[in-house]
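What follows is a short report on a single structure.
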Amino acid sequence: MSIRVPVFIGASAALVLTSFMAVFCGDLLARLIPPLYIRIGAGVFFVVAGLMIH
Numbered sequence: 044m045s046i047r048v049p050v051f052i053g054a055s056a057a058l059v060l061t062s063f064m065a066v067f068c069g070d071l072l073a074r075l076i077p078p079l080y081i082r083i084g085a086g087v088f089f090v091v092a093g094l095m096i097h
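Each residue of the sequence shown is one higher than the one before, starting from 44 at the first, in the numbering used here.
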């Protein structure tokens, strides 16, 4: 077996696991935090990120 196969399997498993965790955490946060606060937080984040890039 080539070294590429276990690396591919590991990378694929990591992608699936992190995607599952993102969906689970996003759903949990959406249930706990009101949508208005999420929109405000996202707006602040993008403004700060934009200022840091500029």
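Where a beta carbon is used, it is the ideal one built from N, C-alpha and C, also for glycine.
Give every residue of the same chain whose Cβ lies closer than 8 Å to the Cβ of residue i, excluding the five residues on either side of it in the sequence, and list them in chain order.
i: Phe51; result: none
i: Ile81; result: Leu72 and Ala73
Indicate the three-state DSSP secondary structure (helix, strand or coil) for residue i in the structure shown.
i: Pro77; result: coil
i: Ile46; result: coil
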